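Sequence lines, in order, name chains A and B. Numbering-wise, the first sequence is residues 124 to 237 according to the working numbering. Numbering-wise, the second sequence is residues 56 to 167 according to the working numbering.
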Amino acid sequence: EDQVTQSPEALRLQEGESSSLNCSYTVSGLRGLFWYRQDPGKGPEFLFTLYSAGEEKEKERLKATLTKKESFLHITAPKPEDSATYLCAVRANSFTSGTYKYIFGTGTRLKVLA
Amino acid sequence: DGGITQSPKYLFRKEGQNVTLSCEQNLNHDAMYWYRQDPGQGLRLIYYSQIVNDFQKGDIAEGYSVSREKKESFPLTVTSAQKNPTAFYLCASREGGAEKLFFGSGTQLSVL
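Quick look at the structure:
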């Protein structure tokens, strides 16, 4: 069964304390892995797309990496404004619809304390 | 600015009532989606549409209906058959040939 699992469920960091969020996946025919940031009561905001193992993308304090089984979102020297829920999603083949499907993880709630 | 507009931000439904959530996009995207978000669960697909006048059921379509009469609009109706409608509803769109989804700001639906 296609599945996306994110860990930890919640994470509290002190400002400047670097850490990583994990997204492990089991899908048939990966067609992209996506990271989104979601603030409370708002829609997800796109961060990165990764397509193949070994690929890396960076944006400010965030860096996303991809292996054949998981992706990491590394946060370097986080600030309080980085507090949000980070969602991981994969796009994979859907054999029932003949098109693609998106499978979302449950997210990691990050709180950065000043 | 191009984007996806969802309205209303908050919506309350009485028992036995149908309610409609609005989703409008000016990104000229072909594909549009409706997702439901519940605490502790990943986003679940309700319906999607790849072109005007065509739409398909997602994983949890029971109790919901949609229409796609215009490229810009993809309204979702939560019918009285949906017994547990309280959730955060997200509309998304995707440009043809691209992979990433763009999301609206969501509608929180609650039951009175």
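Beta carbons: idealized from backbone N, C-alpha and C, even for Gly. Note that the coordinates shown come from a computational prediction; the quantities given were computed from them, not determined experimentally.
Subject >> Rounded C-alpha distance that separates E204 of chain A from R160 of chain A >> reply: 12 Å
**OP:** Give the interface partners of S154 of chain A over in chain B, defined as CB-CB distance under 9 Å, in chain order.
**Re:** Reading the sequence as shown, one finds Arg at residue 154 of chain A and not Ser. E154, listed in chain order.
**OP:** Mind reading off the beta-carbon distance from A212 of chain A to I226 of chain A? Whole number of angstroms is fine, and I expect it under 8 Å.
**Re:** 6 Å
Original post:
Name the DSSP bridge partner or partners of T231 of chain A?
Top reply: T231 of chain A has A:Y209 as its beta-bridge partners, per DSSP.
Subject >> According to DSSP, residues forming a beta bridge with F143 of chain B >> reply: B:Q92, B:Q163
**OP:** Look up E132 of chain A in the DSSP assignment and say whether it is helix, strand or coil.
**Re:** Of the three classes helix, strand and coil, the one that applies to E132 of chain A here is coil, per DSSP.
Original post:
For the stretch 230-237 of chain A against the stretch 181-192 of chain A, are there 3 or more C-beta pairs whose distance is under 8 Å?
Top reply: Verdict: no, contact absent.
Original post:
To the nearest angstrom, how far is it from the Cα of A237 of chain A to the Cα of G97 of chain B?
Top reply: 29 Å
Original post:
Beta-carbon of V150 of chain A versus every beta-carbon of chain B: anything under 8 Å?
Top reply: The beta-carbon of V150 of chain A is placed no less than 8 Å from the nearest beta-carbon of chain B.
Subject >> Any 3 or more C-beta pairs closer than 8 Å across the stretch 170-177 of chain A and the stretch 139-158 of chain A >> reply: Taking 8 Å as the limit for Cβ pairs, the verdict is that the stretch 139-158 of chain A does touch the stretch 170-177 of chain A.
Original post:
Can you tell me the Cα-Cα spacing of L82 of chain B and Y102 of chain B, whole angstroms?
Top reply: 19 Å
**OP:** Report the rounded CA-to-CA distance for S151 of chain A versus E183 of chain A, giving the unit in angstroms.
**Re:** Those two C-alpha atoms are separated by around 32 Å.
**OP:** Below 7 Å between beta carbons is the criterion; list the residues of the stretch 128-147 of chain B that meet it against any residue of chain A, in chain order.
**Re:** Of all residues in the stretch 128-147 of chain B, L145 have a Cβ within less than 7 Å of some Cβ in chain A.
Original post:
Going along the chain, which residues of its own chain have a beta-carbon closer than 7 Å to the beta-carbon of T149 of chain A, five neighbours each way excluded?
Top reply: Excluding sequence neighbours, T149 of chain A sits near D125, Q126.
Original post:
Does DSSP put E204 of chain A in a helix, in a strand, or in coil?
Top reply: Reduced to three states, the DSSP call for E204 of chain A is helix.
Subject >> Proximity to R99 of chain B [Cα-Cα], best of B:K112, B:N108, B:V107 >> reply: B:K112
**OP:** Could you tell me which of B:A147, B:Y119, B:L66, B:E79 sits nearest to K138 of chain B, measuring between CA atoms?
**Re:** Relative to K138 of chain B, the option among B:A147, B:Y119, B:L66, B:E79 whose CA is nearest is B:Y119.
**OP:** Measure the alpha-carbon distance for Q92 of chain B versus L145 of chain B and round it to whole angstroms.
**Re:** 7 Å
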